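> Numbering (mature numbering (1 follows the signal peptide of the UniProt record, and there is no 0)), first residue to last: -23 to -1, 1 to 130. Don't be surprised by glycine CBs; every beta carbon is placed ideally from N, CA and C. Note that the structure is a prediction, hence the values are computed from the model and not measured.
#1: When the Cα atoms are used, what is the spatial distance from residue 27 to residue -10?
#2: Looking at the secondary structure, which residues open and close the alpha helix (DSSP H) in which residue 18 lies?
#3: Apart from the five residues on each side of it in sequence, which residues of its chain come closer than 7 Å, Cβ to Cβ, to residue 25?
#4: Do you know offhand how far residue -13's Cα is from residue 107's?
#5: In this structure, does DSSP put residue -15 in helix, strand or coil?
#6: Does the Cβ-Cβ distance between residue 118 and residue 40 come in under 7 Å?
#7: Measuring only the C-alpha atoms, how far is residue 18 from residue 47?
#8: Determine the closest residue to residue 128 out of 65, 121, 113, with distance taken between C-alpha atoms.
#9: With distance defined between alpha-carbon atoms, name the residue in 34, 72, 58 nearest to residue 101.
#10: Mapping DSSP to helix, strand and coil, what is residue 58?
#11: So, for residue 122: in the same chain, excluding its five sequence neighbours on each side, which residues have a beta-carbon less than 8 Å away from its beta-carbon?
#12: Tell me the residue span of the alpha helix (DSSP H) that contains residue 125.
#13: For residue 91, which of helix, strand or coil comes out of DSSP?
#14: Residues in the same chain with beta-carbon distance under 7 Å from residue 201, minus the five sequence neighbours each way, listed in chain order, please.
#15: May I ask which residues mark the beginning and end of the alpha helix (DSSP H) holding residue 108?
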């Protein structure tokens, strides 16, 4: 199922996991509902996510080069690391989660982005740090430099 699913399906799943501030009665959801964070509606989040996904596909090399540089400090991916890094480039869950987190940042700022990332990482086992790093690269490529890496502090 995972290997045959489209990116649109992944985006939909991530948004389904996130939007649900109404919740499932978990402590996490209850904490989100008690906070002053306003939810992002699923439809605008999906539309923005699709726009960002298009941008990532059109600028794939730039986005992943920026990701590699932010992880290693090296300006280019050496040939000897390309095979290993290709696994990162093939991680559709990381891409979907990062695109949705980026869309949440654009639509609602850092607080909404933080809540979305927290919700994603509660339900999908992709580390928060990985999503934040990739989302930062996506936003930078879109010409929207941000400071969501401060969420790691």
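Quick answer:
#1: Going by the C-alpha atoms only, they are around 12 Å apart.
#2: Taken as a continuous stretch (DSSP letters only), residue 18 belongs to no alpha helix (DSSP H), as it is neither H nor E.
#3: Answer for residue 25: 80, 83, 84, listed in chain order.
#4: Spanning the two alpha carbons is a distance of roughly 17 Å.
#5: Here residue -15 sits in helix by DSSP.
#6: Taking 7 Å as the Cβ cut-off, residue 118 and residue 40 qualify as a contacting pair.
#7: Cα to Cα, the separation comes out at about 31 Å.
#8: Ranking the options by Cα distance to residue 128, first place goes to 113.
#9: Checking every option, the nearest Cα to that of residue 101 belongs to 72.
#10: For residue 58, the secondary structure class from DSSP, reduced to helix, strand or coil, is helix.
#11: Hits under 8 Å: 116.
#12: Counting along the chain, residue 125 falls outside any alpha helix (DSSP H), and DSSP gives it neither H nor E.
#13: DSSP places residue 91 in helix when its eight states are reduced to three.
#14: Any answer about residue 201 is impossible in this case: the structure gives the chain only from -23 up to 130.
#15: That run of the alpha helix (DSSP H) goes 105 to 118.
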